[in-house]
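Novice:
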Amino acid sequence: MGGTRRRDVHRLYDVLAAAAEDAPEAPALSVDGMTWTFRELRARTDALSAHLSARCSPGARVALLAHNRLEYVAAYYGVPREGRILVPLNQRLHPREWADQVVRCGAELVIGEPELLERLAREGGLPPDHPPLVDVADLPRDGSAPSLEGDRDPGEVAWLMFTSGTTGRPKGVRLTHRSLLAGVTATASGRPVLPDDVFCTPFPLCHVAGYQVVLHHLFRRHAVVMRRFGPAVLVDAARRHGVTNLSLAPTMLEDLLAHLEGDPAALEALRATVRVIAYGSAPMPVPLLRRADAVLGCDLNQGYGMTELSGNATFLSPADHRAAVAGRPELAASAGRPGDGVEIAVIGEDGSRLPPGAQGEVAVRGAQMADGYWDDPEATAEAFAGGWFRTGDAGRLDGDGYLYLADRLKDVIITGGENVSSREVEDVLRTVPGVGEVAVVGLPDPRWGQSVCAVIVPDGVPPRVEDLTAACRARLAGFKTPRRVEFVAALPRTGTGKIRKAALRAELIDRPESP
Numbered sequence: 003m004g005g006t007r008r009r010d011v012h013r014l015y016d017v018l019a020a021a022a023e024d025a026p027e028a029p030a031l032s033v034d035g036m037t038w039t040f041r042e043l044r045a046r047t048d049a050l051s052a053h054l055s056a057r058c059s060p061g062a063r064v065a066l067l068a069h070n071r072l073e074y075v076a077a078y079y080g081v082p083r084e085g086r087i088l089v090p091l092n093q094r095l096h097p098r099e100w101a102d103q104v105v106r107c108g109a110e111l112v113i114g115e116p117e118l119l120e121r122l123a124r125e126g127g128l129p130p131d132h133p134p135l136v137d138v139a140d141l142p143r144d145g146s147a148p149s150l151e152g153d154r155d156p157g158e159v160a161w162l163m164f165t166s167g168t169t170g171r172p173k174g175v176r177l178t179h180r181s182l183l184a185g186v187t188a189t190a191s192g193r194p195v196l197p198d199d200v201f202c203t204p205f206p207l208c209h210v211a212g213y214q215v216v217l218h219h220l221f222r223r224h225a226v227v228m229r230r231f232g233p234a235v236l237v238d239a240a241r242r243h244g245v246t247n248l249s250l251a252p253t254m255l256e257d258l259l260a261h262l263e264g265d266p267a268a269l270e271a272l273r274a275t276v277r278v279i280a281y282g283s284a285p286m287p288v289p290l291l292r293r294a295d296a297v298l299g300c301d302l303n304q305g306y307g308m309t310e311l312s313g314n315a316t317f318l319s320p321a322d323h324r325a326a327v328a329g330r331p332e333l334a335a336s337a338g339r340p341g342d343g344v345e346i347a348v349i350g351e352d353g354s355r356l357p358p359g360a361q362g363e364v365a366v367r368g369a370q371m372a373d374g375y376w377d378d379p380e381a382t383a384e385a386f387a388g389g390w391f392r393t394g395d396a397g398r399l400d401g402d403g404y405l406y407l408a409d410r411l412k413d414v415i416i417t418g419g420e421n422v423s424s425r426e427v428e429d430v431l432r433t434v435p436g437v438g439e440v441a442v443v444g445l446p447d448p449r450w451g452q453s454v455c456a457v458i459v460p461d462g463v464p465p466r467v468e469d470l471t472a473a474c475r476a477r478l479a480g481f482k483t484p485r486r487v488e489f490v491a492a493l494p495r496t497g498t499g500k501i502r503k504a505a506l507r508a509e510l511i512d513r514p515e516s517p
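With the sequence shown counted from 1, adding 2 to any position gets you the working numbering.
#1: Since V64 contacts E110 with CB under 8 Å, what's their CB separation in whole angstroms?
#2: Please state whether DSSP places L356 in a helix, a strand or coil.
#3: Determine the closest residue to S336 out of P266, A326, L31, V159, with distance taken between C-alpha atoms.
#4: For P82 and A188, what's the separation of their Cα atoms in angstroms?
#5: What residue range does the alpha helix (DSSP H) around P97 cover?
#6: On the CB-based measure, 16 or more other CB atoms within 10 Å of its CB, does A505 come out buried or exposed?
#7: Would you give the residue range spanned by the beta strand (DSSP E) that F40 belongs to?
#8: Here's the rule: buried if 16 or more other CB atoms are within 10 angstroms of the residue's CB, otherwise exposed. What is D512?
#9: Please list the terminal residues of the continuous alpha helix (DSSP H) segment that includes T253.
#10: Hey, how far is the Cα of G185 from the Cα of R222?
#11: Tell me the DSSP secondary structure of A492 in three-state form.
#12: So is F489 buried or exposed if we call it buried at 16+ other beta carbons inside 10 Å?
#13: From the beta carbon of A268, is the nearest beta carbon of chain C less than 8 Å away?
#14: My guess is that L66 and L118 are in contact by the Cβ rule of under 8 Å, so how many angstroms apart are they, rounded?
#15: Apply the 10 Å Cβ neighbour rule to P484 and answer buried if 16 or more other Cβ atoms are within range, or exposed otherwise.
#16: Output the residue ranges of the beta strand (DSSP E) runs that lie fully inside the stretch 192–248 and measure 3 residues or longer, sorted by chain position.
#17: With a threshold of 16 other CB atoms inside 10 Å of the CB of E515, please say whether the residue is buried or exposed.
#18: Assign A22 to one of three DSSP states: helix, strand, or coil.
#19: Just to confirm the assignment, what range does the alpha helix (DSSP H) spanning E439 have?
#20: Can you have a look at L50 and say buried or exposed, based on whether 16 or more other CB atoms are within 10 angstroms of its CB?
#21: Looking only at C-alpha atoms, which of D400, L217, E351, P90 sits nearest to E73?
#22: Give the DSSP-derived three-state secondary structure of E420 in the structure shown.
#23: Whole angstroms is fine: what's the gap from L445's alpha carbon to A360's?
#24: To the nearest angstrom, report how far apart L405 and R502 are at their CA atoms.
#25: Our contact map puts H219 next to A369 with C-beta atoms below 8 Å; I'd like the distance itself, whole angstroms only.
#26: To the nearest angstrom, how far is the alpha carbon of A508 from that of R355?
#27: Helix, strand or coil for T187? Go by DSSP, reduced to three states.
#28: By Cβ distance below 6 Å, which residues in the same chain neighbour A225 in space, the five residues on each side in sequence not counted?
#29: Are there 16 or more other CB atoms within 10 angstroms of the CB of S146, so buried, or fewer, so exposed?
#30: What distance in whole Å lies between the Cβ atoms of L311 and V348, which are believed to be in contact at a cut-off of 8 Å?
#31: In or out: A211 buried (at least 16 other Cβ within 10 Å) or exposed?
#32: Only counting the same chain, and skipping five residues up and downstream in sequence, which positions put a Cβ closer than 7 Å to that of G462?
#33: Quick check on the DSSP output: the beta strand (DSSP E) that includes I279 runs from which residue to which?
#34: Give me the residue from H243, R277, A271, A240 with the minimum Cα distance to R193.
#35: Mapping DSSP to helix, strand and coil, what is G425?
#36: Return helix, strand or coil for L66, following the three-state DSSP convention.
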């Protein structure tokens, strides 16, 4: 582990405590030009833990509503240190969605940035007895946390992360210390961490992608977290901190390449240190893969995973990417092979495992599986059946164990790395006068992976598109608002009356967009 002393790591705080003992003055975390050492991060983590011990009950849910900042990572470790549960809220959601999640998880405290807390209080519709809203800047900066007595259960829930599903309302995913550290172990096998690595990510820490910060802290490495993505800001951070590893979505990589192609000095600075770009949320188109190889000349590594898997489960290695460029372009469409401790199967409609080449539902088994959904036993029983997590993705395995994804079996759209429940959008659109029937589907989008499209059967006078989008923006996050609206006389249905969304998608792809 980078020459450091090995010790047992069973809970998230163990990662930080070991790093702070082995490398107290090494840089641990940088955000927005500010850096904490491992000693400083541990001190702020302990102060937060002590504050919560005095204020919240055991097992309390503590919601966090903030953009990326240093204190976010202190909350990663500090909230679950003594058995409480961190509930990160996606700052891109509508305040009503924040309020719904605060109420559903029974949060005892909401910590956040003032402007976001003000929106939550003003627009969220919180009940009169809502939990206290606390400015993150008002949290204590020092204080001794109580000693940890005995061995705490690594099966305790550490983070509760909400993710969109097929039921309309996002589900709270119960991520345990054990599952998160298993996700870290799998990623370490698929993306080895070198002794001089410096990691940089622009992804929101409210997403499970934040587990990569824990991964690099396990190896006493420096993590640079961007407050928000921008090519020029990323280049500046890479130059300042000597970044070797980047984590990007394909859309971010495309923007970065466009910037670098017009700025030779920035390109030189990035090429001087960056060795690997890890990406996820969508496969890498072969033209973009070749362009990245020509411009940057660094390695690429893809990860496939989801919140319920505590991060990534399969990896397409740099060697696989080089093979794709050299003459095996089909590999660029693969999600790779499983990391350590992960088993992948393709399941048929009868629940049996299918042979290589046959398409079915992708299922994953391993210690990194979440502990089900918060207060939703039916959804838990359906998704986590027989020791496997059913991903809702259709796919196949080839003879070499590479996973290829085909489509979503579940009614979820992934746009720009964010999950959107079709049903959630449909429920809002049905409230607009003039909407008879509605189906929301995801259509291929060269930039965002998928875009949200609403197909409406009018009831009398068709509603105005402006009224439809306004209804969505009033209740949902902006990325859930349909980018395209089509009016039709009837929706395609099966013999039992179910809407045939696959047929609808295929029809819309081949049909010019209505003016």
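Ideal Cβ positions, reconstructed from N, Cα and C, are used throughout, including at glycine.
Specialist: Result, derived from the coordinates:
#1: As a working note, residue 64 is residue 62 in the sequence shown. As a working note, residue 110 is residue 108 in the sequence shown. The pair is a contact, with the Cβ atoms about 7 Å apart (cut-off 8 Å).
#2: In the sequence shown, counting from the first residue as 1, residue 356 sits at position 354. Coil at L356, not helix or strand.
#3: Taking the sequence shown and counting its residues from 1, one reaches residue 336 at position 334. Shortest Cα-Cα distance from S336 to any of P266, A326, L31, V159 involves A326.
#4: Within the sequence shown, residue 82 is the residue found at index 80, counting from 1. Within the sequence shown, residue 188 is the residue found at index 186, counting from 1. For P82 and A188, the gap between their C-alpha atoms comes out near 22 Å.
#5: As a first step, residue 97 is located in the sequence shown; it is residue number 95 there, counting from the start. Element bounds for P97: 97–107.
#6: Residue mapping note: residue 505 aligns to position 503 of the sequence shown, counting from 1. Exposed: under 16 other Cβ atoms inside 10 Å.
#7: Reading the sequence shown from its first residue, position 38 is the one you call residue 40. From DSSP, F40 is part of no beta strand (DSSP E) but of the alpha helix (DSSP H) over 40–57.
#8: Position 510 of the sequence shown, counted from the first residue, corresponds to residue 512. Answer is exposed; the Cβ neighbour count stays below 16.
#9: Reading the sequence shown from its first residue, position 251 is the one you call residue 253. Unbroken alpha helix (DSSP H) run through T253: 252–263.
#10: Here residue 185 refers to the residue found at position 183 of the sequence shown. Here residue 222 refers to the residue found at position 220 of the sequence shown. Put simply, the backbone Cα of G185 is about 17 Å away from that of R222.
#11: In the sequence shown, the residue the question calls residue 492 occupies position 490. Looking at A492 - three-state DSSP - the assignment turns out to be coil, as it is neither helix nor strand.
#12: One-based indexing of the sequence shown puts residue 489 at position 487. Around the beta carbon of F489, a 10 Å sphere encloses fewer than 16 other beta carbons of the protein chains shown; the residue is thus reported as exposed.
#13: Structure shown: chain C not included; a single protein chain is present.
#14: In the sequence shown, the residue the question calls residue 66 occupies position 64. In the sequence shown, the residue the question calls residue 118 occupies position 116. L66 to L118, Cβ: 10 Å. No contact.
#15: Here residue 484 refers to the residue found at position 482 when the sequence shown is read from its first residue. That one is buried.
#16: Entirely contained in the stretch 192–248, the beta strand (DSSP E) runs reaching 3 residues are, in chain order, 200–203, 224–227.
#17: What you label residue 515 is simply residue 513 of the sequence shown in a count that begins at 1. Label assigned to E515: exposed.
#18: In the sequence shown, counting from the first residue as 1, residue 22 sits at position 20. Looking at A22 - three-state DSSP - the assignment turns out to be helix.
#19: The residue labelled residue 439 in the question sits at position 437 within the sequence shown. Per DSSP, E439 lies in no alpha helix (DSSP H); the unbroken beta strand (DSSP E) holding it starts and ends at 437–447.
#20: For the purposes of this step, residue 50 is taken as residue 48 along the sequence shown, with counting starting at 1. With 16 or more other Cβ atoms within 10 Å, it is buried.
#21: Taking the sequence shown and counting its residues from 1, one reaches residue 73 at position 71. Looking at the Cα atoms, P90 is the closest of the given residues.
#22: Residue numbering aside, residue 420 sits at position 418 when the sequence shown is read from its first letter. The answer is strand: DSSP assigns E420 an E or B state.
#23: Counting from 1 along the sequence shown, the entry for residue 445 is found at position 443. Counting from 1 along the sequence shown, the entry for residue 360 is found at position 358. Taking the straight line from one Cα to the other gives about 25 Å.
#24: Start at 1 with the first residue of the sequence shown, and residue 405 comes out as number 403. Start at 1 with the first residue of the sequence shown, and residue 502 comes out as number 500. The straight-line gap from Cα to Cα measures roughly 26 Å.
#25: For the purposes of this step, residue 219 is taken as residue 217 along the sequence shown, with counting starting at 1. For the purposes of this step, residue 369 is taken as residue 367 along the sequence shown, with counting starting at 1. 19 Å between Cβ atoms; not a contact.
#26: In the sequence shown, the residue the question calls residue 508 occupies position 506. In the sequence shown, the residue the question calls residue 355 occupies position 353. So the alpha carbons of these two residues sit roughly 28 Å apart.
#27: The residue given as residue 187 occupies position 185 in the sequence shown. The three-state reading of DSSP puts T187 in helix, counting H, G and I together.
#28: For the purposes of this step, residue 225 is taken as residue 223 along the sequence shown, with counting starting at 1. Within the same chain, A225 has close Cβ partners L31, F201, V215, H218.
#29: Position 144 of the sequence shown, counted from the first residue, corresponds to residue 146. When all chains shown are included, S146 counts as exposed.
#30: The count along the sequence shown starts at 1 and reaches residue 348 at position 346. The count along the sequence shown starts at 1 and reaches residue 311 at position 309. Contact between V348 and L311 does not hold, since the beta-carbon distance rounds to 16 Å and is not under 8 Å.
#31: As a working note, residue 211 is residue 209 in the sequence shown. A residue is called buried when at least 16 other Cβ atoms come within 10 angstroms of its Cβ; A211 meets this threshold and is buried.
#32: Position 460 of the sequence shown, counted from the first residue, corresponds to residue 462. Exclusion of the five residues before and after G462 leaves G436 as the residues of its chain whose Cβ lies within less than 7 Å of its Cβ.
#33: Within the sequence shown, numbered from 1, the residue matching residue 279 stands at position 277. It spans 278–281 - the beta strand (DSSP E) in which I279 sits, taken as one unbroken run.
#34: Residue numbering aside, residue 193 sits at position 191 when the sequence shown is read from its first letter. Ranked by Cα distance from R193, the first of H243, R277, A271, A240 is R277.
#35: Position 423 of the sequence shown, counted from the first residue, corresponds to residue 425. The sequence given here places Arg at residue 425; Gly does not occur at that position. Residue state, collapsed to three classes: helix.
#36: Indexing the sequence shown from 1 puts residue 66 at position 64. Reduced to three states, the DSSP call for L66 is strand.
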